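Residue 3 is where the sequence shown starts when you use the numbering used here, and the numbers rise one by one after that.
We put the CB at the ideal spot given by N, CA and C, even for glycine.
For clarity, every value in this text was computed on a predicted model and none was experimentally measured.
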Amino acid sequence: MKPRDILDNIKRRFPNELEYHQAVEEVVNTLEDEYELHPEFAKYNILERLIVPDKILSFRVTWTDDNGNVKTNMGYRVQHSNAIGPYKGGIRFHSSVNLSILKFLAFEQTFKNALTTLPMGGAKGGSDFSPRGKSEAEVMRFCQAFTEGLWKNIGADTDIPAGDIGVGGREVGYMYGKHKKLTGDFTGSFTGKGREFGGSLIRPEATGYGNVYFLLEMLKLKNIDIKGKRCLVSGSGNVAQYTCEKLIELGAIPVSLSDSDGYIYDPEGITKEKLQFVMDLKNLYRGRIREYAEEYGCKYVEGARPWSEKGDIALPSATQNEIDADSATELVNNGIIAVSEGANMPSTNEAIAIFQKNKILFAPGKAANAGGVSVSGLEMTQNSARLSWSAEEVDQKLKMIMNNIHESCVKYGTEADGYINYVKGANISGFIKIARAMISQGVF
Ligand code: NDP
């Protein structure tokens, strides 16, 4: 079957899974020529086997709130592909979580993990439980109940979950603790753990820092200095915070942040001190980004995203589909020079097409945000070797991995007119590696 027929078939077999269709379509759009060049891919039906997840686990999670009410949520784990290593990918807790979203995330994760050059397959999991507004005790009870549904299917050599939206160090700690209690094993069954029990230095920073390292490589090729560039950042969680931290360190000027209620725009720039306010607000008090505007007297826009503001570089770091065609057009008209995705699939396929048509430097999440899972891979290595590397050592390795990913994208994505199609480069580079591993391991 040809890639386009496979896509049509997937849409027919899994109707209503729109995010999953979108992620698959983005890959199919860039893979057709390469697929033709390798008849063995069609012979072994590699593309369809790589699109459909190996296994999906779905379970009910029952927990009790502080008032004694018994609640249920759904829990899932999509084990997408273990062709090149054990399943690996984060857990998302958010009210919007459904199978379509987890299947798109697991599919992209498989490509991303292949790009890191580390031996990790792809997976993703989560629940429609939202930690927002829940007490500490409720979050702990939920995490423990979720782990009861999942524990038999994960482990240091089978499937290693980590954090994602709504799952940070606190939640990973509770899930890890419950897994240890059930198995009796102190192993690297999760990454993103606390420093005291096997977590890696630089893991919290890795996705944001990695995204900026990738951006630097893109700018370097065009002889553009990041100093003084005004950066539109969305989100205000883990990825957004450390993206801002690295931007500030390099002399760039982050001017926006957001959460699911709205965005702030600070034309004077988010400084180190202001960023510390955001970190305390979000990580300690679990407050809203609106409070930044109240503290520093800048603009706050309820129910909107920052893409109508003027900036040189956009680093979307909140969630999927936060930049649509209209926002992309606005960004282009306002003179954006680069877009580097910290979030997973924050731009719609129509938005990507607009950026590429206008020759904007555009880095897809599966390449630009691979720093998080890369340092998770380094955490796994440290756990197996019973070692703990210094921050400098981990940061150095992170930089090297991001540079390698950038190089692979350039190798496979440079077009006849010299424009680097980073989407195509990332997709082809990841695909070839996984396809070869699948062919070598036989048909099953
Ligand atoms: P966090 O939960 O720490 O932060 C998420 C941020 O995005 C919050 O500010 C949240 O606002 C906002 N947000 C979430 N959902 C929505 C929504 N539907 N609409 C608007 N805003 C929303 O998550 P992370 O920072 O870890 O993750 C952000 C993105 O980066 C995700 O796409 C994730 O998949 C991706 N990513 C994360 C990695 C990691 O290492 N953590 C690795 C690679 C990718 P609010 O507080 O109001 O919910």
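Supposed contact pair residue j and residue i - C-beta distance, whole angstroms, cut 8 Å
{"i": "Gln81", "j": "Lys57", "result": "4 Å"}
{"i": "Thr118", "j": "Ala428", "result": "Between Ala428 and Thr118 the Cβ distance is about 11 Å, and since that is not below 8 Å, they are no contact."}
{"i": "Cys233", "j": "Ala254", "result": "5 Å"}
{"i": "Phe192", "j": "His181", "result": "7 Å"}
{"i": "Val396", "j": "Ile103", "result": "Their Cβ separation, rounded to whole angstroms, is 30 Å, which puts Val396 and Ile103 out of contact at 8 Å."}
{"i": "Thr74", "j": "Thr66", "result": "Actually they are not in contact, since the Cβ atoms of Thr74 and Thr66 sit about 11 Å apart, beyond 8 Å."}
{"i": "Ala340", "j": "Ile315", "result": "5 Å"}
{"i": "Pro308", "j": "Ser258", "result": "4 Å"}
{"i": "Phe148", "j": "Ser129", "result": "6 Å"}
{"i": "Phe106", "j": "Tyr46", "result": "About 24 Å separates the two Cβ atoms, so there is no contact after all."}
{"i": "Gly190", "j": "Ala158", "result": "5 Å"}
{"i": "Val280", "j": "Gln243", "result": "6 Å"}
Secondary structure of residue i, DSSP reduced to three states
{"i": "Glu34", "result": "helix"}
{"i": "Gly427", "result": "helix"}
{"i": "Val54", "result": "coil"}
{"i": "Phe131", "result": "coil"}
{"i": "Gly157", "result": "strand"}
{"i": "Thr189", "result": "coil"}
{"i": "Leu252", "result": "coil"}
{"i": "Ala340", "result": "strand"}
{"i": "Pro163", "result": "strand"}
{"i": "Thr118", "result": "coil"}
{"i": "Lys183", "result": "helix"}
{"i": "Val445", "result": "coil"}
{"i": "Ser390", "result": "coil"}
{"i": "Glu417", "result": "coil"}
{"i": "Thr383", "result": "helix"}
{"i": "Lys126", "result": "strand"}
{"i": "Asp261", "result": "strand"}
{"i": "Ile422", "result": "strand"}
{"i": "Phe61", "result": "strand"}
{"i": "Thr66", "result": "strand"}
{"i": "Val169", "result": "strand"}
{"i": "Lys312", "result": "coil"}
{"i": "Lys401", "result": "helix"}
{"i": "Ile103", "result": "helix"}
{"i": "Lys435", "result": "helix"}
{"i": "Gly292", "result": "A small correction: the amino acid at residue 292 is Arg; Gly does not occupy that position in the sequence shown. If DSSP states are grouped into helix, strand and coil, Arg292 belongs with the helices."}
{"i": "Lys284", "result": "helix"}
{"i": "Met440", "result": "helix"}
{"i": "Asn240", "result": "helix"}
Nearest candidate by alpha-carbon position, reference residue i, set the options
{"i": "Asp161", "options": "Thr273, Leu59 and Cys411", "result": "Leu59"}
{"i": "Asn69", "options": "Pro88, Arg51, Lys136 and Arg6", "result": "Lys136"}
{"i": "Met3", "options": "Ile48, His23, Lys13 and Glu36", "result": "Ile48"}
{"i": "Gly264", "options": "Leu33, Tyr244 and Arg292", "result": "Arg292"}
{"i": "Cys246", "options": "Asn213, Asp261, Ser262 and Met220", "result": "Asn213"}
{"i": "Asn385", "options": "Gly305, Phe16, Thr32 and Gly194", "result": "Gly194"}
{"i": "Gly170", "options": "Leu283, Val241, Met220 and Lys229", "result": "Val241"}
{"i": "Ile434", "options": "Leu33, Ala320 and Gln146", "result": "Leu33"}
{"i": "Asp2", "options": "Ala330, Phe216 and Gln358", "result": "The question about residue 2 has no answer, for the chain in this structure spans 3 to 446."}
{"i": "Ala85", "options": "Leu286, Phe61, Leu101 and Ile53", "result": "Ile53"}
{"i": "Ser390", "options": "Val141, Tyr421, Gly201 and Thr416", "result": "Gly201"}
{"i": "Gly415", "options": "Ala393, Ala369 and Thr189", "result": "Ala369"}
{"i": "Asn100", "options": "Glu19, Ser442 and Glu140", "result": "Glu19"}
{"i": "Gly374", "options": "Gln24, Tyr78, Gly165 and Arg388", "result": "Gly165"}
{"i": "Leu252", "options": "Leu218, Gly367 and Tyr267", "result": "Leu218"}
Bounding residues of the beta strand (DSSP E) (the contiguous stretch that carries residue i)
{"i": "Asn75", "result": "Val72 to Ser83"}
{"i": "Leu234", "result": "Arg232 to Val235"}
{"i": "Ile315", "result": "Ile315 to Leu317"}
{"i": "Gly92", "result": "Tyr89 to Phe95"}
{"i": "Phe364", "result": "Leu363 to Ala365"}
{"i": "Glu304", "result": "Lys301 to Glu304"}
Range of the contiguous alpha helix (DSSP H) that encloses residue i
{"i": "Lys276", "result": "Lys274 to Met281"}
{"i": "Asp328", "result": "Ala327 to Asn335"}
{"i": "Gly212", "result": "Arg205 to Leu223"}
{"i": "Tyr265", "result": "No alpha helix (DSSP H) contains Tyr265, which is instead part of the beta strand (DSSP E) from Gly264 to Tyr267."}
{"i": "Gln358", "result": "Asn351 to Lys359"}
{"i": "Leu9", "result": "Pro5 to Arg15"}
{"i": "Leu152", "result": "Glu138 to Leu152"}
{"i": "Pro41", "result": "Pro41 to Lys45"}
Determine contact between the segment 341 to 353 and the segment 140 to 159, defined as no fewer than three beta-carbon pairs at a distance below 8 Å. Flag = no, the segment 341 to 353 and the segment 140 to 159 do not touch.
Any contact between the segment 17 to 33 and the segment 413 to 428? By contact I mean 3 or more CB pairs, one from each, below 8 Å. Judged by Cβ distances under 8 Å, the segment 17 to 33 makes contact with the segment 413 to 428, as three or more pairs qualify.
Counting Cβ pairs closer than 8 Å, one from the segment 359 to 371 and one from the segment 219 to 239, do we hit at least three? Yes: the two stretches touch, three or more of their Cβ pairs being nearer than 8 Å.
Touch check for the segment 226 to 240 and the segment 401 to 410: three-plus C-beta pairs under 8 Å? No: fewer than three Cβ pairs fall under 8 Å.
Using 8 Å as the threshold, is the segment 317 to 337 in touch with the segment 293 to 304, meaning 3 or more CB pairs across them? Cβ pair count under 8 Å is below three, so no.
Contact between the segment 119 to 132 and the segment 91 to 99 (3+ Cβ pairs under 8 Å): Cβ pair count under 8 Å is three or more, so yes.
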